[in-house]
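Trainee: Okay, here's the structure, questions in a sec.
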Amino acid sequence: MARSGLATRLYRGEAGLDVVGRRKLWFSIAGVLVLLAVLSFLVSGFKLGIEFSGGNSYQVPASVGTLERAEIVAEEALASAGGGAELVTAQKVGGPSGDFYEMRTSELDAEEAEAVKVALAEEFGLNADQISANRVSSAWGGQVTSRALLGLVIFVALVTVYLILRFEWRMAAAAVGSLFLNLVLTSGIYSAIGFEVTPSTVIGFLTILGFALYDVVVVFDKVQENVRGITANNNQTYGEAANLAVNQSLMRSLNTSVVALLPVGGLLFIGAGLLGAGTLKDLGLVLFVGMAVAFLTSILVATPLLVVLKNQEPRIQAHNKRILARRGAIARGEITPKGTPRSAEDGEEPIDSDAAALAGSAPKVGARPAGKRPTGARGGRPAGGGGNRPGGKRR
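Per UniProt numbering, residue 1 is the first one in the sequence shown, and the count goes up by one each step.
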């Protein structure tokens, strides 16, 4: 007989992946990562784009040369203009009129901004009208931030209400906790790497919340199916039933995450990396990191956290204690598990399941046949008769 595949063994609970039983390990790892993320926030902070910090941007046709040369010329132009401004980022961007280099600087006043534009035009041998210059105020970034936070609060509130109505409040608390952990870890990675935070980054953060919620709901739906009526049986604790649900939904969550990460990876590595579409980098990175972290948190954190919350419920506590006490009694030989055949060492013949089934279906000695009685007869006697007399009328 061929061995079952990994997906089949996971669904049957035969793969032996004890995710819930090792919850202390996962919580410890998550705690260390959160601590590192917070330290990164305090030490490195976030590299804010000019949309949030304010600044100036210049767009130069890509025909002037390489991006490295454009960066050098921009730095020299900033130095000649004075004011202490510096080049923040430089990237190649594609547009309907052709590719161009977008160079973002720290905030300049009107005179400094015009001086930098003139210096760039002279260095590149262009007319001043061939260089596009824009100024972005930090107030606009503040509006984006406040609206993003408002959207986050509304999203979390709606998600919590939905999960309470769909499942229960403990599942809602575990799911929301997993969402916040996902946000903190993704933000920590962004801060540690030093990528620029732009409006595309904010949009990406809001997008991964929906993906993380989908993954958690898939697992919790299977958990709810497995634990329905669990206190009426003596086979599984709540944690074991939840762990089985994680095993059963693991391959589905993995396949979903891989399928989702493939186009995002193409957006990030091919679009932004190979083709130089710099505007896709911010959105692609936050989506790629956030989706990968969402898969891990939905499996390793959300369900174990749910088990911790459910184990505080008196009904589940009593059920778990009953299961563990019964298993201890079985291990000590005080009781025999239901359905266990009797041993020949006890002086009795072992019970054969097939023979027992046949014996149970055989009629007892002296019992009447199970077939139907003849129609119109009573006890096999002719209809209408009284004993052995013929069924005619008395005269």
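Glycine included, every Cβ here is placed at the ideal spot set by N, Cα and C.
Note that the structure is predicted; figures quoted are calculated from it, not measured.
If you check the beta carbons only, do GLY49 and THR198 fall under 7 Å apart?
Mentor: Result yes, Cβ atoms of GLY49 and THR198 sit closer than 7 Å.
Trainee: The alpha helix (DSSP H) with GLY210 in it runs from where to where?
Mentor: From DSSP, the alpha helix (DSSP H) with GLY210 extends over 199 to 227.
Trainee: Hey, which unbroken runs of the alpha helix (DSSP H) at 4 residues or more fall wholly within the stretch 97 to 151?
Mentor: If we require 4 residues or more, the alpha helix (DSSP H) runs fully inside the stretch 97 to 151 come out as 110 to 124.
Trainee: Could you name the residues that DSSP lists as bridge partners for LYS47?
Mentor: GLU196, per the DSSP bridge assignment.
Trainee: Assign ALA81 to one of three DSSP states: helix, strand, or coil.
Mentor: Three-state result, ALA81: helix.
Trainee: Spatial neighbours of GLY55 within its chain, please: C-beta separation below 7 Å, excluding the five flanking residues on both sides.
Mentor: VAL88, ARG104, THR105, SER106, GLU107, VAL136, listed in sequence order.
Trainee: Using the Cα positions of GLN248 and TYR190, report the straight-line distance between them to the nearest angstrom.
Mentor: Distance between the alpha carbons of GLN248 and TYR190 is about 32 Å.
Trainee: Within this structure, are the beta carbons of SER257 and PHE205 separated by less than 7 Å?
Mentor: In this structure, PHE205 does not lie closer than 7 Å to SER257 by Cβ.
Trainee: Starting from VAL88, trace the beta strand (DSSP E) both ways and give me its first and last residue.
Mentor: Note, VAL88: beta strand (DSSP E), 87 to 93.
Trainee: Please classify ASP282: is it buried, with 16 or more other beta-carbons within 10 angstroms of its beta-carbon, or exposed?
Mentor: Classification of ASP282: buried, given that the 10 Å Cβ count is 16 or more.
Trainee: Looking at the unbroken alpha helix (DSSP H) that takes in GLN248, where does it start and where does it end?
Mentor: Where GLN248 is concerned, the enclosing alpha helix (DSSP H) stretches over 238 to 265.
Trainee: What does DSSP give as the partner residues of ASN56 in its beta bridges?
Mentor: Paired residues: THR105, ARG135.
Trainee: Out of curiosity, what's the CA-to-CA distance linking SER80 and ALA74?
Mentor: Distance between the alpha carbons of SER80 and ALA74 is about 10 Å.
Trainee: Per DSSP, residue 397 is paired with what?
Mentor: The structure shown does not extend to residue 397, since the chain is modelled only from 1 to 395, so the question has no answer here.
Trainee: Hey, PHE52 and GLY125: beta-carbon distance below 7 Å or not?
Mentor: Taking 7 Å as the Cβ cut-off, PHE52 and GLY125 do not qualify as a contacting pair.
Trainee: So, with DSSP's three-state summary, where would you put GLN312?
Mentor: DSSP places GLN312 in coil when its eight states are reduced to three.
Trainee: Thinking C-beta only, is ASP215 closer than 7 Å to SER187?
Mentor: Cβ atoms of SER187 and ASP215: not closer than 7 Å.
Trainee: My output table needs one value for GLY360: the three-state DSSP class, helix, strand or coil.
Mentor: With a pLDDT of 42 at GLY360, under the threshold of 50, the modelled position of that residue is not reliable, and no figure is offered here.
Trainee: Would you kindly work out how many angstroms separate the C-alpha atoms of SER178 and LEU300, rounded to a whole number?
Mentor: Cα-Cα distance, rounded: 10 Å.
Trainee: Quick test of the definition: if touching needs 3 or more C-beta pairs under 8 Å, does the stretch 115 to 131 touch the stretch 35 to 50?
Mentor: No, because fewer than three Cβ pairs between the stretch 115 to 131 and the stretch 35 to 50 fall closer than 8 Å, the two stretches do not touch.
Trainee: Would you call the stretch 155 to 175 in contact with the stretch 207 to 222, where contact means no fewer than 3 C-beta pairs closer than 8 Å?
Mentor: The stretch 155 to 175 is in contact with the stretch 207 to 222.
Trainee: Kindly list the residues whose CB is nearer than 6 Å to the CB of VAL144, restricted to its own chain and excluding five residues on each side of it in sequence; keep chain order.
Mentor: Same-chain partners within the cutoff: PRO199.
Trainee: Buried or exposed: GLY239, going by 16 or more other Cβ atoms within 10 Å of its Cβ?
Mentor: Label assigned to GLY239: buried.
Trainee: Quick check: what's the CA-CA separation for GLN224 versus PHE167?
Mentor: Going from the Cα of GLN224 to the Cα of PHE167 covers about 8 Å.
Trainee: Would DSSP call ASN235 helix, strand or coil?
Mentor: Here ASN235 sits in coil by DSSP.
Trainee: Exposed or buried, what is LEU25 when buried is set at 16 or more other beta-carbons lying within 10 Å of its beta-carbon?
Mentor: Flag for LEU25 reads exposed.
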